[in-house]
Each structure stands twice: as C-alpha cells, then as structure tokens.
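In the working numbering, the protein residues as written are 28 to 204.
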Ligand code: PRP
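Shown next, in the form of structure tokens:
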C-alpha cells in the first residue's frame, strides 16, 4: 500500500479572508456602477464565489459555467469540456470570470475564447490562486489572490480526486498518494 500524501497549510483561513476582502475592494472600484455578471467556473470556484459576492455591496448578477479538464487525475487532459453551459445570454454584459486556480492556463484560454464569441461588453478574470510555474499558454489575470508554488493545491473549493474541497484553509498535498 502506498503512503497517504500529507496535507500542509499554505494560506490560513484568515489570510484567505484578507485576500478576499482586498479583491472585493478592487472589484468594487471598477464594477460598482456596471451591474456585472460574475461568472463562476465550477466546481472549484463555488466557495470563493460565495465569500466574494457577500463583500460586494452593489448590484450584480451571478452565473455559473461548469468546465472540466482534469477528470479524476492530477494532470490536465489538455482537453477542456463544457459540462454545463451558460443559461443566460452574455451579449453586451460586463463579465467577470471567477476562478479558483489558473494552472496550465488551458482552461482560461478555452473559456475566454468561448465567452468572447458571445460578444460580451468586456471579459475580465479574477482568480483566487495562480500557479505560473506550470503555464503552457499566456494568461492575463486582472485580479489575483495568491501566487502558489508548483505543488498540488487543495481546499477552499479546490479538489484532488473530488476530495478536500471542504477545507477552510488553502493547503497542499505532498508525498505519494
Ligand atoms: C480546475 C480549476 C480551473 C482549471 C485550471 O478545474 O477550477 O478551472 O482546473 O487548470 P488549467 O489552468 O491547467 O486549465 P478542474 O478541471 O479540475 O475542475 P473542477 O473545478 O470541477 O475541480
């Protein structure tokens, strides 16, 4: 039997809260009079989205899109799939994409192309974490919580084989699974 990977805290729930507050202030400055559409990419963004929108004190709408590329493994398949598409039109909307992590960047590049075909007024990207060491394609991040090292990140919505999304801290796994 292979040993269980160890779980280490990377950012505490308090540090995450501070980052979400900072991002909310930055987003408020730009979007307070634009009735933006905050578009959460499922599943990973749901915890971040829930905390973020409760700190935004202006009119906005929420929508979700479910994409998947990792399946149950730790390596991206490189093929992004739309599992559940948009249920409302985004033409002429100010769209702010909410992600939990940008890793290779393949999901983001696919997503921005998918959205821009629908002619929104603007599309910007807010991600809680960014792992630039793994990038395969350039990505422009407009709002960033944390840069993370090249480790397997879990918690605060982010999974490994669908586990650990419920951890309140942002953690990483180390060792063989
Ligand atoms: C994760 C994450 C991003 C994507 C980033 O989604 O939520 O959408 O991977 O990886 P990339 O930059 O290498 O493309 P995942 O496909 O694991 O689905 P999930 O959100 O349901 O966990």
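Glycine included, C-beta positions come from ideal geometry on N, C-alpha and C.
So does residue 133 have its beta carbon nearer than 7 Å to some heavy atom of the ligand PRP? In the chain shown, counting from the first residue as 1, residue 133 sits at position 106. For the ligand PRP, at least one heavy atom lies less than 7 Å from the Cβ of residue 133.
If the criterion is Cβ atoms closer than 8 Å, does the pair residue 128 and residue 185 meet it? Here residue 128 refers to the residue found at position 101 when the chain shown is read from its first residue. Here residue 185 refers to the residue found at position 158 when the chain shown is read from its first residue. Note that the C-beta distance between residue 128 and residue 185 is below 8 Å.
So the candidates are 177, 42, 164 and 96; which of them puts its Cα closest to the Cα of residue 71? Position 44 of the chain shown, counted from the first residue, corresponds to residue 71. Distance check between residue 71 and each of 177, 42, 164 and 96 places 96 closest, using alpha-carbon atoms only.
Name, in chain order, the residues that DSSP records as bridge partners for residue 149. On the chain shown, position 122 is the one that residue 149 refers to. DSSP lists 121 as partners of residue 149.
Would you identify the three-state DSSP class for residue 95, choosing helix, strand or coil? Counting from one through the chain shown, the residue named residue 95 turns up at place 68. For residue 95, the secondary structure class from DSSP, reduced to helix, strand or coil, is strand.
So what does residue 108 bridge to, in DSSP terms? Here residue 108 refers to the residue found at position 81 of the chain shown. Answer is 95.
Between residue 59 and the rest of its own chain, which residues show a CB-CB distance below 6 Å, the 5 nearest in sequence each way excluded? As a working mapping, residue 59 is identified with position 32 in the chain shown. For residue 59, same chain residues with a beta-carbon under 6 Å away, outside a window of 5 residues either side, are 85 in chain order.
Residue 38: first and last residue of the uninterrupted beta strand (DSSP E) it sits in: Translated into positions along the chain shown, residue 38 becomes position 11. Here the beta strand (DSSP E) through residue 38 covers 33-38.
Determine the DSSP secondary structure at residue 181, reduced to helix, strand or coil. By 1-based counting over the chain shown, the position of residue 181 is 154. Three-state result, residue 181: strand.
Sub-8 Å separation of residue 54 and residue 138 beta-carbons: Taking the chain shown and counting its residues from 1, one reaches residue 54 at position 27. Taking the chain shown and counting its residues from 1, one reaches residue 138 at position 111. Going by C-beta atoms, residue 54 is not nearer than 8 Å to residue 138.
Spatial neighbours of residue 174 within its chain, please: CB distance less than 8 Å, with the 5 preceding and 5 following residues excluded, ordered by chain position. Position 147 of the chain shown holds residue 174. Scanning its chain for C-beta atoms nearer than 8 Å, with the 5 sequence neighbours on each side dropped, one finds around residue 174 the residues 156, 157, 158 and 159, in chain order.
If you measure between the beta carbons of residue 89 and residue 67, is that distance less than 8 Å? Counting from 1 along the chain shown, the entry for residue 89 is found at position 62. Counting from 1 along the chain shown, the entry for residue 67 is found at position 40. Yes; because the gap between Cβ atoms is below 8 Å, this pair is in contact.
How about residue 198 and residue 87: do their beta carbons lie closer than 8 Å? As a first step, residue 198 must be located in the chain shown, where it is residue number 171. As a first step, residue 87 must be located in the chain shown, where it is residue number 60. Judged by beta-carbon spacing, residue 87 lies beyond the 8 Å limit of residue 198, meaning their Cβ atoms are not closer than that value.
Would you list the one or two residues that DSSP bridges to residue 174? The residue you call residue 174 lines up with position 147 of the chain shown. According to DSSP, which records beta bridges pairwise, residue 174 is partnered with 157.
On the three-state DSSP scale, how would you describe residue 84? By one-based count along the chain shown, residue 84 stands at place 57. When DSSP states are grouped into helix, strand and coil, residue 84 belongs to the coil group.
Measure the C-alpha to C-alpha separation of residue 125 and residue 76 and round it to an integer number of angstroms. Within the chain shown, residue 125 is the residue found at index 98, counting from 1. Within the chain shown, residue 76 is the residue found at index 49, counting from 1. So the two alpha carbons sit approximately 7 Å from each other.
May I ask whether a heavy atom of the ligand PRP can be found less than 7 Å away from the beta carbon of residue 112? What you label residue 112 is simply residue 85 of the chain shown in a count that begins at 1. No.
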